[in-house]
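Asker:
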Amino acid sequence: DEQELIRNFCIIAHIDHGKSTLADRFIEKSQIISSREFQSQLLDSMDIERERGITIKSQAVTIPFTSKDGKTYKLNLVDTPGHVDFSYEVSRAIASCEGALLLVDATQGVEAQTLSNMYMAVEQDLEIIPVVNKMDLPSADIGRIREQVDHDLGLDPDLIFPVSAKFGTGVDELLEGIIEWIPSPKGTLDKPLKANIFDSHYDPYKGVIMHVRVFDGELKLGEDIKFYSTGKVNKVEELGYFRITRDSKKSLKAGEVGYIIAGIKDISEVRVGDTITTLKNPCEEPLDGFRDVKPVVFSSIYPVDADQYEDLQAAIDKLRLNDASLVYEKDSSAALGLGFRCGFLGLLHLEVIQERLEREFGLNIVLTSPSVRYRITPKSGEVYFLDNPTEFPDPGVIERAEEPYINAVIITPSEYLGNIMNLCTAKRGIQTELEYLDEKRVEIKYEMPLAEILFDFYDRLKSVSRGYASFDYEENDFKETELVKLDILLNGDVVDALSQLVFKGSAYDKARNVCKRLKGEISRHQFKIPIQGAIGSSIIARETIPALRKDVTSKCYGGDISRKKKLLEKQKEGKKRMKMVGRVELPQNAFLSVLRTD
Ligand code: GDP
Ligand code: MG
Numbered sequence: 003d004e005q006e007l008i009r010n011f012c013i014i015a016h017i018d019h020g021k022s023t024l025a026d027r028f029i030e031k032s033q034i035i036s037s038r039e040f041q042s043q044l045l046d047s048m049d050i051e052r053e054r055g056i057t058i059k060s061q062a063v064t065i066p067f068t069s070k071d072g073k074t075y076k077l078n079l080v081d082t083p084g085h086v087d088f089s090y091e092v093s094r095a096i097a098s099c100e101g102a103l104l105l106v107d108a109t110q111g112v113e114a115q116t117l118s119n120m121y122m123a124v125e126q127d128l129e130i131i132p133v134v135n136k137m138d139l140p141s142a143d144i145g146r147i148r149e150q151v152d153h154d155l156g157l158d159p160d161l162i163f164p165v166s167a168k169f170g171t172g173v174d175e176l177l178e179g180i181i182e183w184i185p186s187p188k189g190t191l192d193k194p195l196k197a198n199i200f201d202s203h204y205d206p207y208k209g210v211i212m213h214v215r216v217f218d219g220e221l222k223l224g225e226d227i228k229f230y231s232t233g234k235v236n237k238v239e240e241l242g243y244f245r246i247t248r249d250s251k252k253s254l255k256a257g258e259v260g261y262i263i264a265g266i267k268d269i270s271e272v273r274v275g276d277t278i279t280t281l282k283n284p285c286e287e288p289l290d291g292f293r294d295v296k297p298v299v300f301s302s303i304y305p306v307d308a309d310q311y312e313d314l315q316a317a318i319d320k321l322r323l324n325d326a327s328l329v330y331e332k333d334s335s336a337a338l339g340l341g342f343r344c345g346f347l348g349l350l351h352l353e354v355i356q357e358r359l360e361r362e363f364g365l366n367i368v369l370t371s372p373s374v375r376y377r378i379t380p381k382s383g384e385v386y387f388l389d390n391p392t393e394f395p396d397p398g399v400i401e402r403a404e405e406p407y408i409n410a411v412i413i414t415p416s417e418y419l420g421n422i423m424n425l426c427t428a429k430r431g432i433q434t435e436l437e438y439l440d441e442k443r444v445e446i447k448y449e450m451p452l453a454e455i456l457f458d459f460y461d462r463l464k465s466v467s468r469g470y471a472s473f474d475y476e477e478n479d480f481k482e483t484e485l486v487k488l489d490i491l492l493n494g495d496v497v498d499a500l501s502q503l504v505f506k507g508s509a510y511d512k513a514r515n516v517c518k519r520l521k522g523e524i525s526r527h528q529f530k531i532p533i534q535g536a537i538g539s540s541i542i543a544r545e546t547i548p549a550l551r552k553d554v555t556s557k558c559y560g561g562d563i564s565r566k567k568k569l570l571e572k573q574k575e576g577k578k579r580m581k582m583v584g585r586v587e588l589p590q591n592a593f594l595s596v597l598r599t600d
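Sequence positions in the sequence shown follow UniProt numbering and run 3 to 600.
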């Protein structure tokens, strides 16, 4: 049986524990590419990912490995995204494997994401191999990690593979361990085709390339495939294995991991977690776990210069080719002109899109304050969702407003417990669990509004724990909230792009903050400018910019005419980057600084 020579596995780890580095060592050892071509952290193919050290898109690679037993195995490494925004993708990648390497940094120990990823792997019945990385570092503490692996993870510490992914130490032993401990796939070749899509990407020449794991059956070139969730049918144009480049084959069989190209141009037709079968001989039931992922964070994107609107549209269209989870529609603002209302999987996803628009496309953009999606029950009519402050209805017609909650898990050294509990309470968290993992470390769980972690939560958690606390979360349900729309008025006029949907209890602080920052950004005018924060008609915060006393050119009177001209020209230049709100000149920068989340 060919399946006996296959091992499908993933690496799960908390961020920075060395997943990408270990994947690189595997690829290097397999010599599927020459060392000249070898680029560090190959699996993180996007620039921003490489810079930030975060794997966002999962990648897969088939690594040939000849074991001590003389047989050559096909090791299919399914890389998983390393960030909580993408936990659904992680779960689908895990579901495509029989085993997982649970990687723990020897200097850091078990952290929040290590645990949550392990629970996912346990749920899918994966064989889990504990791997302790960074053994080359002097502060590596294998004794402590052994205890954590035993106690926190419930795994056998004698099974630990100590490695240094950086220097390759222990990697050969680990490869042998994968063959010994991870079971081979047990699919049935003569059953109808059943394959799981765990990722996809867009190729300008070939269209959408699906990353799949075949569970049962065999798929041949030229066959018609059917997508379970949509019922759509497409013809297979190419299929094969991943070897960094595509290694095309005539068929993909039960137990294998590879890619399928089927003339699909729109990536939103291909859904992660969907089941593929054949038109001729369809399977009876899809694989478990499919879910339609929906964006959870929303923000509007505007070009700083209205002339760049079309470029912005083209850039977003292009990003969307490769990213089905980015959703957008046209939006417009009196203050900022034409733009796009976009939905993201989380804050990191938002930041990555923002950075790519700025860096890869050279655009100058403004993003409005990120918002979650609220569920509104009106006094009459149907329940609907609301994320855009400009669509906030008359509060009188709202019967009930609800906001999305998360289940947060934090692991921290016990000396920071008090600080962290204070922070979580300030963020409206409700503690649901507190457990000492050992005498020095505590695991705490909270139900918390998602909106609260959109603003400075990570940073504050890091600072109150001196960087030692780790955090992870999963979506919970909606809970009732007191929702208001906070408006910002400049000289009596509402600046629509600065409006936010907020919890009433936080509105006062937020309003004060924005008013203060705006005061710092707007220069004096000939008249006094009030800056106000308001909920409906009630003013809840106020700052005032005093009127200008002197004309800027006055000091030049009687003096050098050309100097005066230059000064006026400079002023005109400056005006171009100003937006007029009523009679007030608002610098574009003001939007950026006001909306910054720190
Ligand atoms: P990921 O976020 O889990 O993919 O982690 P990376 O592979 O990007 O590694 C995070 C950081 O740890 C990088 O700076 C690596 O160079 C470093 N690193 C990874 N493995 C080792 C190791 O075995 N020893 C040492 N000293 N550093 C390592
Ligand atoms: Mg990585």
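All C-beta atoms, glycine included, are put in the ideal place defined by N, C-alpha and C.
Which ranges would you report for the alpha helix (DSSP H) in the stretch 300 to 383 if only whole runs of at least 4 residues count?
Answerer: List check, alpha helix (DSSP H) in window: 311 to 323 and 349 to 361.
Asker: Would the C-beta of Ala167 count as close to the ligand ATP, meaning under 7 Å from any of its heavy atoms?
Answerer: The ligand ATP is absent from the structure shown, which contains only the ligand GDP and the ligand MG.
Asker: Using only the heavy atoms of the ligand GDP, determine whether one of them is closer than 7 Å to the beta carbon of Ser22.
Answerer: If you number the sequence shown from 1, residue 22 lands on position 20. Yes - the ligand GDP has a heavy atom lying nearer than 7 Å to the Cβ of Ser22.
Asker: Is the beta carbon of Ile17 within less than 7 Å of some heavy atom of the ligand GDP?
Answerer: One-based indexing of the sequence shown puts residue 17 at position 15. Under cutoff, so the answer is yes.
Asker: Helix or strand or just coil, what does DSSP make of Arg443?
Answerer: As a first step, residue 443 is located in the sequence shown; it is residue number 441 there, counting from the start. It is a strand residue.
Asker: Does Ser539 pass the burial test, meaning 16 or more other C-beta atoms within 10 Å, or should it be called exposed?
Answerer: Along the sequence shown, one-based indexing puts residue 539 at 537. Exposed is the call here.
Asker: Could you tell me whether any non-hydrogen atom of the ligand GDP is closer than 7 Å to the CB of Leu139?
Answerer: Translated into the one-based positions of the sequence shown, residue 139 becomes position 137. At least one heavy atom of the ligand GDP is nearer than 7 Å to the Cβ of Leu139, so yes.
Asker: Could you tell me the alpha carbon to alpha carbon distance between Arg52 and Thr427, rounded to whole angstroms?
Answerer: Locating residue 52 in the sequence shown gives position 50, where the first residue counts as 1. Locating residue 427 in the sequence shown gives position 425, where the first residue counts as 1. Because the pLDDT at Arg52 is just 49, under 50, the model does not fix this residue reliably, and the point stays unresolved.
Asker: May I ask you to list the residues that DSSP assigns as paired with Lys76?
Answerer: Reading the sequence shown from its first residue, position 74 is the one you call residue 76. Bridge partners of Lys76: Ile8 and Pro66.
Asker: Going by C-alpha to C-alpha distance, which of Lys21, Ser22, Thr546 and Thr74 sits closest to Gln5?
Answerer: Position 3 of the sequence shown, counted from the start, is the residue given in the question as residue 5. Comparing Cα-Cα distances from Gln5 to each of Lys21, Ser22, Thr546 and Thr74, the minimum goes to Thr74.
Asker: Can you round the beta-carbon distance between Gly257 and Ala97 to whole angstroms, since I take them to be within the 8 Å contact cut?
Answerer: Your numbering for residue 257 matches position 255 in the sequence shown. Your numbering for residue 97 matches position 95 in the sequence shown. That belief does not hold up - the Cβ atoms of Gly257 and Ala97 are roughly 14 Å apart, past 8 Å.
Asker: Touching or not, the stretch 260 to 273 and the stretch 205 to 221, by the rule of three or more beta carbon pairs under 8 Å?
Answerer: Flag = yes, the stretch 260 to 273 and the stretch 205 to 221 touch.
Asker: Please name the residue in Asp396, Pro406, Asp333 and Glu401 whose C-alpha comes closest to that of Thr370.
Answerer: Position 368 of the sequence shown, counting from 1, holds the residue named residue 370. Nearest option by C-alpha distance: Asp333.
Asker: Between which residues of its own chain and Asp307 is the CB-CB distance below 7 Å, once the five residues before and five after are set aside?
Answerer: For this step, residue 307 is matched to residue 305 along the sequence shown. Here the set comprises Asn366.
Asker: Can you tell me which of Pro185, Asp138 and Arg377 puts its alpha carbon nearest to the alpha carbon of Val173?
Answerer: By 1-based counting over the sequence shown, the position of residue 173 is 171. Ranking the options by Cα distance to Val173, first place goes to Asp138.
Asker: Distance, Cα to Cα, Ile531 vs Val516?
Answerer: Position 529 of the sequence shown holds residue 531. Position 514 of the sequence shown holds residue 516. Cα to Cα, Ile531 sits roughly 15 Å from Val516.
Asker: Is the CB-CB distance between Ile412 and Phe473 below 8 Å?
Answerer: Counted from its first residue, the sequence shown places residue 412 at position 410. Counted from its first residue, the sequence shown places residue 473 at position 471. Yes, the pair counts as a contact, with Cβ atoms nearer than the cut-off.
Asker: For the stretch 174 to 191 against the stretch 242 to 260, do three or more pairs of beta-carbon atoms, one drawn from each stretch, fall closer than 8 Å, so that the two count as touching?
Answerer: Verdict: yes, contact present.
Asker: Could you check whether the Cβ of Asn135 sits closer than 7 Å to any heavy atom belonging to the ligand GDP?
Answerer: The count along the sequence shown starts at 1 and reaches residue 135 at position 133. Result yes, Cβ under 7 Å from the ligand GDP.
Asker: Exposed or buried, what is Ser60 when buried is set at 16 or more other beta-carbons lying within 10 Å of its beta-carbon?
Answerer: Along the sequence shown, read from residue 1 onward, the residue named residue 60 stands at position 58. Below a pLDDT of 50, predicted positions are generally treated as unreliable, and Ser60, at 48, falls in that range; the measurement from the model is reported next regardless. Answer is buried; the Cβ neighbour count reaches 16.
Asker: If we ignore side chains and look at the alpha-carbon of each, how far apart do Pro548 and Leu488 end up?
Answerer: Sequence index remark: in the sequence shown, residue 548 carries index 546 (1-based). Sequence index remark: in the sequence shown, residue 488 carries index 486 (1-based). Those two C-alpha atoms are separated by around 24 Å.
Asker: Is it the case that the Cβ atoms of Leu281 and Ile263 are separated by a distance below 8 Å?
Answerer: For this step, residue 281 is matched to residue 279 along the sequence shown. For this step, residue 263 is matched to residue 261 along the sequence shown. Taking 8 Å as the Cβ cut-off, Leu281 and Ile263 do not qualify as a contacting pair.
Asker: Is the stretch 160 to 173 touching the stretch 22 to 31, taking contact as three or more C-beta pairs under 8 Å?
Answerer: Yes, the stretch 160 to 173 is in contact with the stretch 22 to 31.
Asker: Taking all protein chains shown into account, do 16 or more other C-beta atoms lie within 10 angstroms of the C-beta of Thr57, making it buried, or fewer, making it exposed?
Answerer: If you number the sequence shown from 1, residue 57 lands on position 55. At Thr57 the pLDDT is 47, less than 50, meaning the model places this residue with poor confidence; the figure from the coordinates comes in the next sentence. It counts as buried.
Asker: Please give the ranges of any beta strand (DSSP E) in the stretch 483 to 524, keeping only runs that are unbroken, at least 3 residues long and fully inside the region.
Answerer: Taking only runs of at least 3 residues, the beta strand (DSSP E) segments lying wholly in the stretch 483 to 524 are 485 to 492 and 502 to 505.
Asker: I need the straight-line Cα distance from Phe363 to Leu157, nearest angstrom please.
Answerer: Here the question's residue 363 lines up with position 361 in the sequence shown. Here the question's residue 157 lines up with position 155 in the sequence shown. C-alpha separation (whole angstroms): 47 Å.
Asker: Nearest CA to the CA of Asn424: which residue from Thr546, Ile144, Pro415 and Val466?
Answerer: The residue you call residue 424 lines up with position 422 of the sequence shown. Closest option to Asn424, Cα to Cα, is Val466.
Asker: Under the three-state reduction of DSSP, which class applies to Tyr596: helix, strand or coil?
Answerer: Taking the first residue of the sequence shown as position 1, residue 596 is located at position 594. For clarity, residue 596 is Val in the given sequence; the question names Tyr instead. Helix, per DSSP.
Asker: How about Phe346 and Pro297: do their beta carbons lie closer than 8 Å?
Answerer: Mapped onto the sequence shown, residue 346 falls at position 344. Mapped onto the sequence shown, residue 297 falls at position 295. In this structure, Pro297 lies closer than 8 Å to Phe346 by Cβ.
Asker: In the stretch 230 to 300, which residue ranges form an unbroken alpha helix (DSSP H) of at least 4 residues, counting only runs that do not cross its ends?
Answerer: Counting whole runs of 4 or more residues, the stretch 230 to 300 contains no alpha helix (DSSP H) stretch at all.
Asker: Give a yes or no on contact between the stretch 105 to 116 and the stretch 405 to 422, applying the rule of three or more CB pairs nearer than 8 Å.
Answerer: Short answer: they touch.
Asker: Taking only the alpha-carbon atoms, compute the straight-line gap between residue 1 and Ser327 and give it to the nearest angstrom.
Answerer: Since the displayed the chain opens at 3 and closes at 600, residue 1 lies outside it and no answer follows.
Asker: Using the Cα positions of Leu439 and Ala317, report the straight-line distance between them to the nearest angstrom.
Answerer: Numbered from its first residue, the sequence shown carries residue 439 at position 437. Numbered from its first residue, the sequence shown carries residue 317 at position 315. Cα to Cα, Leu439 sits roughly 47 Å from Ala317.
Asker: When the Cα atoms are used, what is the spatial distance from Val385 to Asp396?
Answerer: Stepping through the sequence shown from its first residue, residue 385 is reached at position 383. Stepping through the sequence shown from its first residue, residue 396 is reached at position 394. Computed Cα separation, rounded: 15 Å.
Asker: Quick check: what's the CA-CA separation for Leu77 versus Thr68?
Answerer: Position 75 of the sequence shown, counted from the start, is the residue given in the question as residue 77. Position 66 of the sequence shown, counted from the start, is the residue given in the question as residue 68. Distance between the alpha carbons of Leu77 and Thr68: 10 Å.
Asker: Taking buried to mean at least 16 other C-beta atoms within 10 Å of its own C-beta, is Ala336 buried or exposed?
Answerer: Taking the sequence shown and counting its residues from 1, one reaches residue 336 at position 334. Classification for Ala336: exposed.
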